[in-house]
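Numbering (this note's numbering), first residue to last: 32 to 345.
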């Protein structure tokens, strides 16, 4: 119960802070951003600017029309999406206009739009920002060593999608080293019921499966920040986390789309723990680039700046 109420407090604080930003005078916002800008603008770290160009991966000018919304008119009724979008856009003139699509975007928009997610290797109209951070960007700060974990793979999640149902039909209670199912609290039909496991309880397993849902899998980020090994198919969708830039069998164990090699690879990494820990360390190194809050703010604002320049507004 303690972790539940801690989570509730964090969520309340997140939204209160988000709405409070609306009251901060423009001059203070400008001073805040200038301080961050001076910290990173002249950085010789090419990775920062590579990330900006990854999120907004074109340099062609485009026109805006009446369907674009000004910053001052961004609704605050869309949960963490609107809170996050305003967090980054507040450093610009409030009359600048943009187009955004909230929710699980797994298609290519017709016009350049700011999104949380997009198909990997998509066209130029999907521009990634760090949206819905409250749900998608949770990292593990401390964990038990890999060697002390259970020699098995775990997955818990809702099986609303066909591919998740097919996965469960194949592996549910079929192996002693594969513990998968729908947690009882979200499984209404009872097709593949399994005991609900908290994140800390899942971290007792050496191997954790990540399965995409409507777009990305929300657990990929916290798995890769832990001392457990991430198993997943090659990502079809990506977010600010740049799932499309992850290297198979270097940052995670890549399994076939039909999961036909899951047991084979699971047994392999049970026997080759040194190789498992090599991948785990690579994953944790990848995660570190997202841990600097000022840097993350800088990158989001620079993506927006590029967006406003290409739209002819700056």
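Just so you know, even glycine gets a beta-carbon here, dropped at the ideal spot from N, CA and C.
As the structure is a prediction and not an experimental result, all values here were calculated from the model.
Inter-residue Cα distance where the pair is residue i and residue j
i           : j           : result
residue 127 : residue 248 : 33 Å
residue 57  : residue 180 : 50 Å
residue 148 : residue 62  : 31 Å
residue 150 : residue 322 : 24 Å
residue 278 : residue 80  : 20 Å
residue 345 : residue 333 : 12 Å
residue 308 : residue 270 : 25 Å
residue 152 : residue 310 : 24 Å
residue 315 : residue 94  : 40 Å
residue 343 : residue 46  : 32 Å
residue 372 : residue 266 : In the structure as shown, the chain begins at 32 and stops at 345. Residue 372 is therefore absent and cannot be evaluated.
residue 141 : residue 155 : 10 Å
residue 326 : residue 204 : 44 Å
residue 27  : residue 319 : Nothing can be reported for residue 27, as the shown portion of the chain is limited to 32 through 345.
residue 211 : residue 251 : 16 Å
residue 275 : residue 132 : 20 Å
residue 268 : residue 242 : 11 Å
residue 43  : residue 90  : 39 Å
residue 191 : residue 262 : 20 Å
residue 48  : residue 125 : 19 Å
residue 244 : residue 232 : 22 Å
residue 236 : residue 139 : 37 Å
residue 104 : residue 64  : 21 Å
Burial state of residue i, where buried means 16 or more other Cβ atoms lie within 10 Å
i           : result
residue 339 : buried
residue 143 : buried
residue 34  : Caution applies to residue 34, whose pLDDT of 45 falls short of 50 and renders its modelled position unreliable; the value that the coordinates give is listed next. Its Cβ having fewer than 16 others within 10 Å, residue 34 is exposed.
residue 195 : buried
residue 297 : buried
residue 75  : exposed
residue 51  : exposed
residue 213 : buried
residue 207 : exposed
As assigned by DSSP and simplified to three states, the class of residue i
i           : result
residue 304 : helix
residue 240 : strand
residue 343 : coil
residue 210 : strand
residue 310 : helix
residue 72  : coil
residue 98  : coil
residue 64  : helix
residue 191 : coil
residue 203 : coil
residue 104 : helix
residue 215 : coil
residue 82  : helix
residue 47  : helix
residue 52  : helix
residue 88  : coil
residue 331 : helix
residue 316 : helix
residue 93  : coil
residue 323 : coil
Beta-carbon gap between residue i and residue j smaller than 7 Å
i           : j           : result
residue 328 : residue 158 : no
residue 176 : residue 60  : no
residue 122 : residue 184 : no
residue 224 : residue 215 : yes
residue 169 : residue 253 : yes
residue 260 : residue 186 : no
residue 171 : residue 256 : yes
residue 352 : residue 54  : Residue numbering for the chain in the displayed model covers 32 to 345; residue 352 lies beyond these limits and cannot be assessed.
residue 92  : residue 335 : no
residue 135 : residue 246 : yes
residue 119 : residue 331 : yes
residue 301 : residue 137 : no
residue 101 : residue 107 : no
residue 145 : residue 337 : no
residue 282 : residue 312 : no
residue 130 : residue 99  : yes
residue 299 : residue 198 : no
Alpha helix (DSSP H) runs wholly inside the segment 107 to 188, at least 4 long, in chain order: Qualifying alpha helix (DSSP H) stretches, in chain order: 110 to 120, 164 to 167.
Whole runs of the beta strand (DSSP E) within the segment 219 to 291, excluding any shorter than 3 residues: Runs found: 236 to 240, 260 to 263.
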